[in-house]
Each structure stands twice: as C-alpha cells, then as structure tokens.
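Novice: Pasting in a structure now, in structure tokens, and then I'll have a few things to ask.
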Amino acid sequence: DAGVTQSPTHLIKTRGQQVTLRCSPKSGHDTVSWYQQALGQGPQFIFQYYEEEERQRGNFPDRFSGHQFPNYSSELNVNALLLGDSALYLCASTVGLGGYTFGSGTRLTVV
Amino acid sequence: QKEVEQDPGPLSVPEGAIVSLNCTYSNSAFQYFMWYRQYSRKGPELLMYTYSSGNKEDGRFTAQVDKSSKYISLFIRDSQPSDSATYLCAMRTSNFGNEKLTFGTGTRLTIIP
Chain A
1 DAGVTQSPTH LIKTRGQQVT LRCSPKSGHD TVSWYQQALG QGPQFIFQYY EEEERQRGNF
61 PDRFSGHQFP NYSSELNVNA LLLGDSALYL CASTVGLGGY TFGSGTRLTV V
Chain B
1 QKEVEQDPGP LSVPEGAIVS LNCTYSNSAF QYFMWYRQYS RKGPELLMYT YSSGNKEDGR
61 FTAQVDKSSK YISLFIRDSQ PSDSATYLCA MRTSNFGNEK LTFGTGTRLT IIP
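If you want it as structure tokens, here you go:
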C-alpha cells in the first residue's frame, strides 16, 4: 500500500524564481494538507485541500498557492522565492477524522 | 504564548531505559492528539493517535492524555538505539473545516547503546 508520495525530493532554486511541488495522497485519503518545516522546528500548516477547494489556510502569504486535482493529488506553488522559503515541505493526507499520513517531503533550497 | 509547548531537548538515555516525552497545550478545543517520530531528513511517521483522556498502549509505546491539565505524554519502554529520532506531538480540533495539525517543536532523543 503506497503511502504519500512527494516529488521532487530535493530542489535548488534562485531567489525570485517560482517552484511547484507535487503530492499523491495515500490510497483512500481525500484530504491533502501542506506543511513547511524549518530546521529544528515543528511543521507549520500552510493550507488544506478537500474536494478540490482550499478549506483552511495558515499564516502564509499569497505567494503560496495550491491546487487539488479530481484524483486527490495536489500541488504547492511558491512564487517570488525568498531565502527564507528554504525548508522541508511536507504533504500529509487523511480521510475524515483519521490520523494524518506524511510523505518524506521535498527539501527546497533557495540561493 | 505558543498553543503547543514541547521541550526541545536534546534528551539522551541509555538503551533499555524508559523514556518520557511531554507536551502542554493551551487551546481547549484540541480533541485529537498524535505523536509522530521523525528521522533525520525524513517525513514524520504517525506513532500514536488518541482522542479521550487516559492511556493508550501499542507495543513499547504508551500515549497518555490529561485534558483537564492540557498535558500529553508519550512513554517508550525498553528503549532501543533505533528509537533515536525527533518526536513531535501534534493536535487538532474536531471542528469540520478547522482540522489543521498544530505541532510542538519536537524533542530530539538519542538512545545510547
């Protein structure tokens, strides 16, 4: 049973560029959330998608946007990258009030 | 004040010892409580998921929730070197549409052989 898969695993971008990260949820899960984890910190909630709509959003600027597709997969887009956007980006999926399953993350480095 | 407080450690204990990890929280709307284990450069792995106050046991792991004190704990018995990782507590409300997880900062644990 495949869990949550994320791509790419690593990415290096230049300040000002745009990036797209991808996530396929665990089979049977319909809700996808994105988290940003800085080194030595707990994950911070970016937003959550359910039924192809953004249901909840954390304290992140509009440069962070996302999308959910009919097959429940999701993308996270970040525009105008800043050095401070360097982090591990985690995708998590769930269904109902179940536990969240996380992917291995995409490590983004902005130079 | 952060909604969830967790001692970042680091915590080092000898192999075979009992480990106690703790978090406190301030938001009484939190109803679901989780413990995740995260190895270096990997995503968090769900260890325990609890709802009600009391204890829940799974193998060497016991999760304890005290909603009246807003305090949760994870106990690891017979600790092994493979338990060396960062342990994150996380919690969520039961409100539909407000289901984000709020995490502690994580406690880095090292089990010394």
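Listed in order, the protein sequences are those of chains A and B.
Residue numbers for the first sequence follow our numbering, beginning at 1 and rising by one.
Residue numbers for the second sequence follow our numbering, beginning at 1 and rising by one.
Ideal Cβ positions, reconstructed from N, Cα and C, are used throughout, including at glycine.
I'd like to know if S94 (chain B) contacts chain A, where contact means its C-beta is closer than 8 Å to some C-beta of that chain.
Specialist: Yes, S94 (chain B) lies at the interface with chain A (some Cβ there is under 8 Å from its Cβ).
Novice: If you run the structure through DSSP and keep just helix, strand and coil, what is D83 (chain B)?
Specialist: It is helical.
Novice: Closer than 8 Å, CB to CB, is S104 (chain A) near chain B or not?
Specialist: Yes, S104 (chain A) counts as interfacial toward chain B.
Novice: Determine, using beta-carbon pairs with one atom in the segment 16-36 of chain B and one in the segment 50-57 of chain B, whether at least three such pairs fall under 8 Å.
Specialist: Yes: at least three Cβ pairs fall under 8 Å.
Novice: Does the segment 11-28 of chain B come close enough to the segment 102-110 of chain B to have 3 or more Cβ pairs within less than 8 Å?
Specialist: Taking 8 Å as the limit for Cβ pairs, the verdict is that the segment 102-110 of chain B does touch the segment 11-28 of chain B.
Novice: Look at the alpha carbon of I111 (chain B) and the alpha carbon of F69 (chain A), and state the distance between them as a whole number of angstroms.
Specialist: Their backbone Cα atoms lie some 43 Å apart in a straight line.
Novice: Kindly identify the DSSP beta-bridge partner or partners of V4 (chain B).
Specialist: In the DSSP output, where bridge partners are listed per residue, V4 (chain B) has B:Y25.
Novice: Would you say R15 (chain A) and V110 (chain A) are within 8 Å of each other, going by their C-beta atoms?
Specialist: The answer is yes: Cβ separation under 8 Å.
Novice: So that I know if they touch, is there some Cβ in chain B lying closer than 8 Å to that of T109 (chain A)?
Specialist: It does not: the Cβ of T109 (chain A) has no partner Cβ on chain B nearer than 8 Å.
Novice: Identify whether G84 (chain A) lies in helix, strand or coil by the three-state DSSP scheme.
Specialist: In this structure, G84 (chain A) counts as helix in the three-state DSSP scheme.
Novice: Does DSSP classify K115 (chain B) as helix, strand or coil?
Specialist: Nothing can be reported for residue 115 (chain B), as the shown portion of chain B is limited to 1 through 113.
Novice: Any C-beta of chain B within less than 8 Å: which residues of the segment 41-67 of chain A qualify?
Specialist: Result list: Q41, G42, P43, Q44, F45, Q48, R55, Q56, G58.
Novice: Roughly how many angstroms separate the alpha carbons of V4 (chain A) and T106 (chain A), rounded to a whole number?
Specialist: C-alpha separation (whole angstroms): 12 Å.
Novice: With H, G and I counted as helix, E and B as strand and the rest as coil, what does DSSP make of A73 (chain A)?
Specialist: For clarity, residue 73 (chain A) is Ser in the given sequence; the question names Ala instead. Of the three classes helix, strand and coil, the one that applies to S73 (chain A) here is coil, per DSSP.
Novice: Could you tell me the distance, in whole angstroms, from the CA atom of D30 (chain A) to the CA atom of G98 (chain A)?
Specialist: Cα to Cα, the separation comes out at about 11 Å.
Novice: Measuring only between beta-carbons, confirm whether G99 (chain A) sits less than 8 Å from chain B.
Specialist: Closer than 8 Å: yes.
Novice: Count the other C-beta atoms from every protein chain shown that fall within 10 angstroms of the C-beta of L83 (chain A), then say buried if there are 16 or more, exposed otherwise.
Specialist: So L83 (chain A) counts as exposed.
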